[in-house]
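I have placed the structure first, in the form of structure tokens, so that the comments after it can refer back to it.
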Amino acid sequence: MKQPIGVFDSGLGGLTVLSAIHELLPHEDLIYFGDTARVPYGNKSRETVIRYSLEILDFLLQKNVKAVVVACNTASAQALETLKEKSPVPVLGVVEPGVKALLKNYPSIKKAAVIATRSTVKSRAYQQSLKQKKADLDVIEKACPLLVPLVEEGYSDHAVTRLILQEYLQELVEQGFEHVILGCTHYPLLKKAIREIYPKLKLIDAAQEVARELREFLEATNLISNKNELGTIRLYVSDITESIAELEKLFFGKTIRSLEKVVLGL
Ligand code: DGL
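In structure tokens:
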């Protein structure tokens, strides 16, 4: 199937998910949309996140995508149901795969922590999904609004970031939480810093599980690419900012050659 897969995020953090998809499904053509003009979504209202997400869905559908991955926890938490209702193609979020990755790897856990943006925490999407699958699980969700800007500034491995991480995580550790879902697509870049401070914490990142679920789905529906050559990656953003090239490298490991600006919501 020659159609591309659409992946979107509020900004470029979702490139961590795109990277996992590209690794597992190297022959798929991928289209990524990063809403760099309107990022962050993490402190916006549900109504606004839904409106922005629907605009992006429309854009990706115009590109003839065969499936859409919402590589943003905030949009997954706030807009996934609406996107699924409105979309003629399947839509996958990152919340369920994150929850699945946790429970698959640690089926007998008693306590689970989720760190995320304010908006994701407010939605209680993780709380609900975890409790639905394991009613007796003690779940704590913690909003960590300073982490996204620190990562974007290239401060993932900085003393200031370690201090802020301690500010957010210390109370969870003291309360005996050992498993932490990284409920924001920027946070996988903080794994190293978190492990340095709290080597015993188990950090759960949804990216690989998202890629696995996407592959399963494409195989089951016969939509998987049968190309032999490597798939193409096209990057669209709503604003070309000075830091784009740096952020691409940070979240994706290299610069994507095809970059175009698209303004939505006019
Ligand atoms: N990518 C967003 C998420 O995963 C974080 C950035 C934002 O607040 O928009 O929640």
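Each residue of the sequence shown is one higher than the one before, starting from 1 at the first, in this note's numbering.
In this text, a Cβ means the ideal position worked out from N, Cα and C, and glycines have one as well.
Just so we're clear, the structure is a prediction, and the values are computed from it rather than from any experiment.
Distance from the CA of PRO90 to the CA of VAL70, rounded to the nearest whole angstrom, comes to 11 Å. A straight line joining the alpha-carbon of SER123 with that of THR74 spans about 9 Å. Taking all protein chains shown into account, SER238 has 16 or more neighbouring C-beta atoms within 10 Å of its C-beta and is therefore buried. Annotated as proximal: LEU12 and THR36, with beta-carbon spacing under 8 Å.
Using a Cβ distance threshold of 8 Å, LEU190 and LEU165 count as a contacting pair.
ARG212 and ILE21 have their C-alpha atoms some 8 Å from each other. Three or more Cβ pairs closer than 8 Å define a contact, and the segment 26-42 meets that threshold against the segment 222-240.
Beta-bridge partners assigned by DSSP to ASP9: GLY34. By the neighbour-count criterion, in which a residue is buried when 16 or more other Cβ atoms sit within 10 angstroms of its Cβ, PRO88 is exposed. Relative to GLY183, the option among ALA206, LEU103, VAL173, ASP58 whose CA is nearest is ALA206. A residue is called buried once 16 or more other Cβ atoms fall within 10 Å of its Cβ, and ASP9 is buried on that count. Along the length of the segment 66-149, whole alpha helix (DSSP H) runs at least 4 residues long occupy 73-86, 95-105, 118-123, 125-133, reported in chain order. In the same chain as ALA101, and ignoring 5 residues on each side of it, the C-beta atoms closer than 7 Å to its own belong to ILE204, ALA206, GLU209, in chain order.
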